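A.B. asks: Line order of the protein sequences matches chains L and F. Heads up, the first sequence is in this note's numbering, so the first residue is 184 and it goes up one at a time. Heads up, the second sequence is in this note's numbering, so the first residue is 184 and it goes up one at a time.
Number of protein chains: 2
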Amino acid sequence: MKIPKPAIRRLAVYYRCLQRLKEEGKEKTSSKELAQRLGIKACQIRKDLSYFGEFGKRGVGYNIDNLLEKLKAILGLESVWKAIVIGAGNLGKAIAGYKGIKEQGFDVVALFDVDGRKVGKKVNEAEIHHMDDLEEFVKENNVKIAVICVPKESAQQVAEAAEKAGVEGILNFAPTVINVSVPVENVDIAVSLKSLTFQIIRRKGKEK
Amino acid sequence: MKIPKPAIRRLAVYYRCLQRLKEEGKEKTSSKELAQRLGIKACQIRKDLSYFGEFGKRGVGYNIDNLLEKLKAILGLESVWKAIVIGAGNLGKAIAGYKGIKEQGFDVVALFDVDGRKVGKKVNEAEIHHMDDLEEFVKENNVKIAVICVPKESAQQVAEAAEKAGVEGILNFAPTVINVSVPVENVDIAVSLKSLTFQIIRRKGKEK
DNA sequence: TAGATTGTTAATCGATTAACAATC
DNA sequence: TAGATTGTTAATCGATTAACAATC
């Protein structure tokens, strides 16, 4: 079955909302409650879930623990994903040190940089290695994900090196399109800012 | 006219690609060339541009300088946008110190945090202020954009404070939905990672 | 039973793409 | 003129939403 790309991102959002509901001590919820919290339509939530199965009880709703387990399996979060951060600048170090990522089932096991002076330093438990050691490290440590935090000029080259080394997916923070055969997710701060300024201007135009 | 939301983000990507072409010394380009660089269809580029006017010459293509100017106006980049970063943790400091943002017409003029020990320290030229001084600072300095880098628990409250202080748009890095009346763009690292793991798993399923 | 809420179908809406006349 | 490339229309494709039977 074809699954809309936006539906996947929403599943991840539902997952987080369910975690929150659980923290609040709730045991069951409904598409209506989730929809209200997230500002979307209830039928969209039901539709998104229906791509993968029937997880609720009619007339009752969803058991939170159960739905969390199901989403965990769908999103591939049953085991911890080993990741590396390439580019140990401010952003790379911030990502590597970000606790939220570990909580969500991702483990940044090392950073890589071309700057020899950074090699050996640590960000939490993760050590900074030299780029020359990338391939060996990825293979020996079974790293699955590379987070690219290098300047745009070297992003394509770094992505190719990561793919060659054997990573299976790339999270790209560099402001450029990268072309590899493994899946890539882009986090584009500059583009998001520009989309924001466009909306601000449009909004002002409409106010009048 | 209704403009597809994805089209706006693509305009920002075209803008960046044109900057790159210019750096390479080129003076003209075509929808075909841009499409090849960006891995999308040429007719999509022409369609996206057509929402805003006619910027090319039939049989010839686009003048890069001219198209850059037009996109600059569309995206609202003709003047510098003053921004603040709220939350002076690792991520907040990394964003504030990120040179790419300044190059693109955004100026982070200050950071804010509730931790008094951080107050007075600097990230490049931007000083860290206490949250209590947010409203006064925003008003006096004509700040338009707030970048939220606080934990999810305080994100909603901080967003409301920023809105009340007078910012016109919010870039939200906190992993939660925030509800305000000004435009919000979300940069959701955890969601992007989960979307990535879903794709990795699906891809493996198909290979067999 | 009556009320609630799911899962799913069908309708609507929105976005992308193909195709081509216009024109440089 | 011949070749190239735009701008735009119409067709297609994909995503969202409304509505409701199923059922707890």
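We put the beta carbon where it would ideally sit given N, CA and C, even for glycine. Note that this is a predicted model, so its numbers are computed, not measured.
Does Ile361/F come out as helix, strand or coil in the three-state DSSP assignment?
C.D. replies: coil
A.B. asks: Chain F partners of Tyr281/L, CB-CB under 8 Å?
C.D. replies: The answer, in chain order, is Asn273, Leu274, Ile372.
A.B. asks: From Ile223/F to Gly388/F, what does the alpha carbon distance come to, in whole angstroms?
C.D. replies: 26 Å
A.B. asks: Give the interface partners of Glu368/L over in chain F, defined as CB-CB distance under 7 Å, in chain order.
C.D. replies: Ser375, Ser378, Leu379
A.B. asks: Take every Cβ of the stretch 231 to 241 of chain F, pair it with every Cβ of the stretch 259 to 269 of chain F, and state whether three or more of those distances are shorter than 8 Å.
C.D. replies: With the cut-off at 8 Å, the stretch 231 to 241 of chain F and the stretch 259 to 269 of chain F do not touch.
A.B. asks: Apart from the five residues on each side of it in sequence, which residues of its chain come closer than 6 Å, Cβ to Cβ, to Gln339/F?
C.D. replies: Ile361
A.B. asks: For Val367/F, which residues in the same chain have their Cβ closer than 7 Å to its Cβ, ignoring the five residues on either side in sequence?
C.D. replies: Ile353, Asn355, Ile361
A.B. asks: Please report the distance separating the alpha-carbon of Lys391/L from that of Ser337/L.
C.D. replies: The predicted position of Lys391/L is uncertain, since its pLDDT is 41 and thus under 50; no value can be drawn from it.
A.B. asks: Taking C-beta to C-beta, are Val306/F and Lys276/F nearer than 8 Å?
C.D. replies: Yes.
A.B. asks: If I follow the unbroken alpha helix (DSSP H) through Asp248/F, where does it start and stop?
C.D. replies: Segment 247 to 258, the alpha helix (DSSP H) holding Asp248/F.
A.B. asks: From Pro189/L to Val196/L, what does the alpha carbon distance come to, in whole angstroms?
C.D. replies: 11 Å
A.B. asks: Would you kindly work out how many angstroms separate the C-alpha atoms of Arg385/F and Val350/L, rounded to a whole number?
C.D. replies: 15 Å
A.B. asks: Pull out every residue of the stretch 217 to 231 of chain F whose Cβ sits closer than 8 Å to any Cβ of chain L, in chain order.
C.D. replies: Within the stretch 217 to 231 of chain F, the qualifying residues are Arg220, Leu221, Gly222.
A.B. asks: For Lys200/L, count neighbouring C-beta atoms within 10 Å of its own C-beta (all shown protein chains included) and say buried if the count is 16 or more, exposed if not.
C.D. replies: Inspection of the sequence shows that residue 200/L is occupied by Cys rather than by Lys. By the 10 Å Cβ count, Cys200/L comes out buried.
A.B. asks: Helix, strand or coil for Asp296/L? Go by DSSP, reduced to three states.
C.D. replies: Looking at Asp296/L - three-state DSSP - the assignment turns out to be strand.
A.B. asks: Between Asp371/F and Leu376/L, what straight-line distance do the alpha-carbon atoms span, to the nearest angstrom?
C.D. replies: The straight-line gap from Cα to Cα measures roughly 14 Å.
A.B. asks: Mind pulling the chain F residues with CB within less than 9 Å of Leu354/L?
C.D. replies: Ile372, Ser375, Leu376, Leu379
A.B. asks: Could you tell me the boundaries of the beta strand (DSSP E) in which Lys285/F lies?
C.D. replies: In the DSSP assignment, Lys285/F falls outside any beta strand (DSSP E) and lies within the alpha helix (DSSP H) extending over 282 to 286.
A.B. asks: If you check the beta carbons only, do Ser214/F and Ile228/F fall under 8 Å apart?
C.D. replies: yes
A.B. asks: What do you get for Ala271/L, buried or exposed, if any count of 16 or more other CB atoms within 10 angstroms of its CB means buried?
C.D. replies: buried
A.B. asks: Confirm, please, whether the CB-CB distance from Leu251/L to Gln202/L is below 8 Å.
C.D. replies: yes
A.B. asks: Where DSSP assigns a beta bridge to Lys397/F, which residues make up the other side?
C.D. replies: Only positions 184 to 391 of chain F appear in the structure, and residue 397/F is not among them; the question remains open.
A.B. asks: If we cut at 8 Å on Cβ distances, does Gly259/F have a partner in chain L?
C.D. replies: yes
A.B. asks: At least one CB of chain L closer than 8 Å to the CB of Asn307/F: is that the case?
C.D. replies: no
A.B. asks: Beta-carbon within less than 7 Å of Met184/F's beta-carbon, same chain only, minus the 5 sequence neighbours each way: which residues are those?
C.D. replies: So the qualifying residues of the chain are Tyr234.
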